[in-house]
Structure formats: C-alpha cells, structure tokens
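Working notes for the structure below.
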Amino acid sequence: MGGKDQDQGGHHRRAPPRADPGATAAEVGNIGFWVERDEMDPAWVAMTAHHRLVRVHPFVDGNGRITRLFADLLLFSLTLRYTFDWQPALESHRYFEGLREADLSLDVGMLLGTVGLIDLED
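Under the UniProt record's numbering, the first residue of the sequence shown carries the number 1, and numbering increases by one thereafter.
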C-alpha cells in the first residue's frame, strides 16, 4: 500500500491496482444486473457501484475520484435529476469512515447517510 498524500481531492493512496481484470469485470456485471432489474433505489445502486469499484481498486491513481464521478453519472442516468454531494462528507472524513464500514459489512448505508444528494431541478 502506498502512503497517504494530499491533493485537491483529499487524501488518497497511490498504490498498484489490486484487482485483476476478472474482479473488475465481475463488479461491472453486478452493477449492470442491478440497473437492468430496475427494482432498487437508484441512490443505493450508484453508491454500491462506487463502493464496489473503489474496493477492487482497478486504477493506479484516482480510484476515488473516478468512481465518485461514475457514481454521479450513474445516479443521474437513473434519475435524470440527482447527483451526489460529496464535498461535505469528504471534508469531514465521514466519507472515509463510511468506506471503511462498507468494506467490513458490504452495506453502504453509512455512506448514503453522510453523502447528500443534489437536486438538479432546484
């Protein structure tokens, strides 16, 4: 694991990807399944997608930023109205606590409770 560095996006690790391509493909397949079923809360689907992708760590750098962007795009594509409001949670470090909790439990409830929604129709 790399050390913690500070950048404009907050704390991040520079570490080699942990995932083999099969693990990343499996998570992308799971995300596709949830989207196609269209039975789950869009915020849950998008936040779970974010967590699962950041957990398999497919990139050398920027995993958090890229997967947060992906989650916003996914949430907007599912709702045509909302994106996540990451900044307050990132600034308070609740985001990182939520990721650690989701790593242990695979439950993104704490993340959803700390990251707000932006209503683009307001």
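Note that CB positions come from ideal geometry on N, CA and C, so glycine has one too. Keep in mind that this is a model prediction, so the values were computed, not measured.
Cut-off 6 Å between Cβ atoms - residues of its own chain near residue i, not counting five sequence neighbours on either side
i, result
"W34", "M40, V45"
"G98", "M110, L111, T114"
"D7", "Confidence at D7 is low in this model, with a pLDDT of 41, below 50, so its placement is unreliable and no value can be given for it."
"A23", "V56"
For residue i, the residue or residues it bridges with in DSSP
i, result
"W66", "Looking at the sequence itself, residue 66 is Ile, so the reference to Trp does not match. Answer by DSSP bridge pairing: none, since I66 is not bridged."
"G116", "D85"
Nearest residue (CA-CA) to residue i, options the options
i, options, result
"Q87", "S105, P58, I118", "I118"
"L69", "V60, P58, T83, D38", "T83"
Beta-carbon proximity of residue i to residue j, cut-off 8 Å
i, j, result
"A102", "L111", "yes"
"E27", "V56", "yes"
"A71", "H93", "no"
"D85", "G64", "no"
Through-space distance from residue j to residue i, alpha-carbon basis
i, j, result
"T67", "L73", "10 Å"
Other residues of its chain near residue i: CB distance less than 7 Å, five sequence neighbours each side excluded
i, result
"Q81", "In the sequence as displayed, the identity of residue 81 is Arg instead of Gln. Answer for R81: D119, L120, E121, listed in chain order."
"P42", "L75, L78, T79"
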